[in-house]
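Visitor: Structure provided below as structure tokens; questions to follow.
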Amino acid sequence: MQTVLRLSVAVVLTGVMACTPQLDAPEDQSINLQSLVDSAITPVIEEYAIPGMAVALIHEGQVHYFNYGVSSLQSGDAVTQHTIFELGSVSKLFNATLTTYAQAVGALSLRDYPSRFMPELQNTPVDSASLLHLGTYTAGGFPLQFPAYVTDHASMVEYYRQWQPDFGPGESRLYSNPSIGLMGHLAGLALGQSYTEVVEGQVFPAMGMTESYIQVPETESEHYAWGYNAEDQPIRVTPGVLDAEAYGVKSSSSDMIRFVRANISPDSLDALWSQAITDTQKQYFRLGEFIQSLGWEQFHLPVSAELLRSGSAASIVLEPNTVEALDPDNSTATPVWIHKTGSTNGFGAYVVVLPAQQSGIVMLANRNYPNTARIQAAWDILSPLLDL
Numbered sequence: 001m002q003t004v005l006r007l008s009v010a011v012v013l014t015g016v017m018a019c020t021p022q023l024d025a026p027e028d029q030s031i032n033l034q035s036l037v038d039s040a041i042t043p044v045i046e047e048y049a050i051p052g053m054a055v056a057l058i059h060e061g062q063v064h065y066f067n068y069g070v071s072s073l074q075s076g077d078a079v080t081q082h083t084i085f086e087l088g089s090v091s092k093l094f095n096a097t098l099t100t101y102a103q104a105v106g107a108l109s110l111r112d113y114p115s116r117f118m119p120e121l122q123n124t125p126v127d128s129a130s131l132l133h134l135g136t137y138t139a140g141g142f143p144l145q146f147p148a149y150v151t152d153h154a155s156m157v158e159y160y161r162q163w164q165p166d167f168g169p170g171e172s173r174l175y176s177n178p179s180i181g182l183m184g185h186l187a188g189l190a191l192g193q194s195y196t197e198v199v200e201g202q203v204f205p206a207m208g209m210t211e212s213y214i215q216v217p218e219t220e221s222e223h224y225a226w227g228y229n230a231e232d233q234p235i236r237v238t239p240g241v242l243d244a245e246a247y248g249v250k251s252s253s254s255d256m257i258r259f260v261r262a263n264i265s266p267d268s269l270d271a272l273w274s275q276a277i278t279d280t281q282k283q284y285f286r287l288g289e290f291i292q293s294l295g296w297e298q299f300h301l302p303v304s305a306e307l308l309r310s311g312s313a314a315s316i317v318l319e320p321n322t323v324e325a326l327d328p329d330n331s332t333a334t335p336v337w338i339h340k341t342g343s344t345n346g347f348g349a350y351v352v353v354l355p356a357q358q359s360g361i362v363m364l365a366n367r368n369y370p371n372t373a374r375i376q377a378a379w380d381i382l383s384p385l386l387d388l
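Note that full-length UniProt numbering has the sequence shown beginning at 1, numbered continuously upward.
This is the structure in structure tokens:
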């Protein structure tokens, strides 16, 4: 028999906000976990005036939910594990999973080049970069975002046709939405559907995710949180070219912890999806201690919080860095910290998977706050819990 422990904590932001962690676990363990999570999360909420946050934790085979604050400052509705948040670049994990699933079913290979699926890209520089290069940001130096003139499919195609690389494929990593966005777009074409159709129709159901969307339906709008910008104005993500592939997923902590569980134990899925998950976690390129997988980023354990935070430094995110190619089929069996941050203008997300420890965490907030603060908070929870 499990009990649910509820505790309300007053958190000072602009005013006073109710904070209600919820745990599904035996009471003696729940008290310890709640204290641990509160001590890591509450200071972050206070420092960055975060209206609401949903935290989900897998530990020793059990899922625990900790819900803080409100999904809307206007309505005052409390955050729950079913509140829908924007994931920002955490959405790239579904792009990666779709692409490796397409590979598992034989629709494509990560070694394929774009013109196999978009003939209009034949005889252009981008066609020298494989899908793997696109998905690991090593295609040759795509920018972080599309230029302003790219507003529809035609201008997108023309952009890729005219693009000129700064580096050879596989030489240098530069984090980019147009790069991994193109990979996801090509994967959808390979499967004969739009990207959105495949993700919502196949990827989410395969992971048991029933509260995740690229376009939140009107019937679920009451569960969709409002994000808040620096002026505390309510805000949500606006449409853009390849937004679904790069930053367009909306999900709940309940759904995202299911995705984390699938990444902890891929063998719990059927063979094709298990292979897809496994392939996203392979190690493809290295930059010092930083390892680029497909969608995911990794560090070998043991690792320090300082090293984890360094992976989100501007020099890593915004600048090109020479990388070393790794053999993904000979990825080391050393335990790893696997993670991904994601943001939109009004939301901040963070996901961690620790396969060797059979643990992971999801943190979803309706404020964009520093990645380093997210990483530190997760570390402050997981490190003492797992003796990392």
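Where a beta carbon is used, it is the ideal one built from N, C-alpha and C, also for glycine.
Check whether the Cβ atoms of N345 and A225 sit closer than 7 Å, and answer yes or no.
Guide: No, the Cβ-Cβ distance between N345 and A225 is not below 7 Å.
Visitor: What does the alpha-carbon distance come out to for the pair L174 and E297?
Guide: If you take the alpha carbons of L174 and E297, they lie about 14 Å apart.
Visitor: What's the call for L73, buried or exposed, on a 16-neighbour Cβ count within 10 Å?
Guide: The residue in question, L73, is buried, as its Cβ has 16 or more Cβ neighbours within 10 Å.
Visitor: For a test of the three-state rule: what should DSSP assign to S35, helix, strand or coil?
Guide: In this structure, S35 counts as helix in the three-state DSSP scheme.
Visitor: In chain order, what are the residue ranges of uninterrupted alpha helix (DSSP H) at least 4 long that sit wholly in the stretch 341-388?
Guide: Runs of the alpha helix (DSSP H) inside the stretch 341-388: 371-386.
Visitor: For D267, which residues in the same chain have their Cβ closer than 6 Å to its Cβ, ignoring the five residues on either side in sequence?
Guide: Counting only Cβ-Cβ distances below 6 Å, and skipping sequence neighbours, we find S274.
Visitor: So what's Y101 in DSSP terms, helix, strand or just coil?
Guide: Helix, per DSSP.
Visitor: Using the Cβ count rule (16 or more neighbours within 10 Å means buried), how would you classify E231?
Guide: Result: exposed.
Visitor: Give me whichever residues DSSP pairs with K92 in a beta bridge.
Guide: Bridge partners of K92: none, in fact.
Visitor: Exposed or buried, what is G184 when buried is set at 16 or more other beta-carbons lying within 10 Å of its beta-carbon?
Guide: Flag for G184 reads buried.
Visitor: So, helix, strand or coil for L287, using DSSP?
Guide: Reduced to three states, the DSSP call for L287 is strand.
Visitor: Straight-line CA distance for V157 to G135?
Guide: Those two C-alpha atoms are separated by around 18 Å.
Visitor: What's the gap between the Cα of I50 and the Cα of P234?
Guide: Approximately 12 Å between the Cα atoms of the pair.
Visitor: Looking only at its chain, what residues have a beta carbon closer than 8 Å to the beta carbon of P335, apart from the 5 residues adjacent to it on each side?
Guide: So the list reads H300, L301, L354, P355, A356 and Q357, once near-sequence residues are dropped.
Visitor: Express the C-alpha separation of H59 and T196 in angstroms, rounding to a whole number.
Guide: One C-alpha to the other measures close to 32 Å.
Visitor: Compute the Euclidean distance between the alpha carbons of I257 and S343, then round it to the nearest angstrom.
Guide: Going by the C-alpha atoms only, they are around 18 Å apart.
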